[in-house]
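Q: Quick one: structure below, then a few questions.
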Amino acid sequence: MDAKNFSERQIQIIETATKRIDKHGIQELTIKNLANDLELSEAALYRHFKSKNEILLGMLSYFIIEMKEKINKIIANETKKPCVILRDLFNNQLNTFTQNPAIVSVVFSEGIFQFNNELSNKLSEMMDLMQEKISEIVKRGQEEECFNKLLSPGVATTMIMGSMRMVVLKWKLSGNKSN
1 MDAKNFSERQ IQIIETATKR IDKHGIQELT IKNLANDLEL SEAALYRHFK SKNEILLGML
61 SYFIIEMKEK INKIIANETK KPCVILRDLF NNQLNTFTQN PAIVSVVFSE GIFQFNNELS
121 NKLSEMMDLM QEKISEIVKR GQEEECFNKL LSPGVATTMI MGSMRMVVLK WKLSGNKSN
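Here it is in structure tokens:
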């Protein structure tokens, strides 16, 4: 599946829902409010997504697709050193967040996913993708002596991802003031 599998209207709905969550919180994401934001009838919105849950699943799927495409482009350049690839990967993620800060409100909001296994699984898929790619980069970096072997790739990956999460959370809590 790629981003082309979503219609233009579905992408518009996903982006509007993401902005609504960022601005007002998940509790204000209702079909009625979203339809008003889009200047559509609720019935018209239901033609594209059957429920709020389906919108959230679509949102995460869309983010995953976009993330995979960007990551694969960065990793595809095998002439780059792993340390440069890792830096480029994080710069890309941070740029994505600064260009569309509403994404942070969705991806880093455990409350949205806490009681919904489908959404939790989709979020896990996103985290697993990032963990797998970072671990591959770290392994390659250790093999090429670009990274120290003091930590296993798994531990290094966990530390890197945790640090990234902290940076993004601090940025979000500051009102997106630093970049």
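Residue numbers (our numbering): 1 to 179. C-beta: ideal position from N, C-alpha, C; glycine also.
1) Closer than 7 angstroms by C-beta to V104: which residues in its own chain qualify, once you throw out the five before and the five after it? Chain order, please.
2) Sort P153, A156, G111 by Cα distance to I26 and report the nearest one.
3) Taking all protein chains shown into account, decide if K170 is buried (16 or more other Cβ within 10 angstroms of its Cβ) or exposed.
4) Is it right to say Y62 is buried, meaning 16 or more other beta carbons lie within 10 angstroms of its own, or is it exposed?
5) Buried or exposed for R87, please, with buried defined as at least 16 other CB atoms from any protein chain shown within 10 angstroms of its CB.
6) How far does the alpha helix (DSSP H) with C83 in it reach, from first residue to last?
7) CA-CA distance, V106 and E42?
8) State the Cα-Cα distance for the pair S120 and S109, rounded to the nearest angstrom.
9) Just to check my reading of the structure: I71 and L94 have Cβ atoms closer than 8 angstroms, yes? What is that Cβ distance to the nearest angstrom?
10) Pair every Cβ in the stretch 52–60 with every Cβ in the stretch 134–149, then say whether three or more of these pairs are closer than 8 angstroms.
11) Use the C-beta contact count for K149: other C-beta atoms within 10 angstroms, 16 or more gives buried, fewer gives exposed.
12) With a threshold of 8 angstroms on Cβ separation, who are the neighbours of M59 within its own chain once the five nearest residues in sequence on each side are excluded?
A: Inspection of the coordinates gives the following:
1) F97, V168, K172
2) G111
3) exposed
4) Flag for Y62 reads buried.
5) exposed
6) 82–99
7) Approximately 22 angstroms, taken between the alpha carbons.
8) 11 angstroms
9) Not quite, the Cβ-Cβ distance comes to about 14 angstroms (not below 8 angstroms), so this is no contact.
10) no
11) exposed
12) Closer than 8 angstroms at Cβ, skipping near neighbours: I14, A17, T18, V106.
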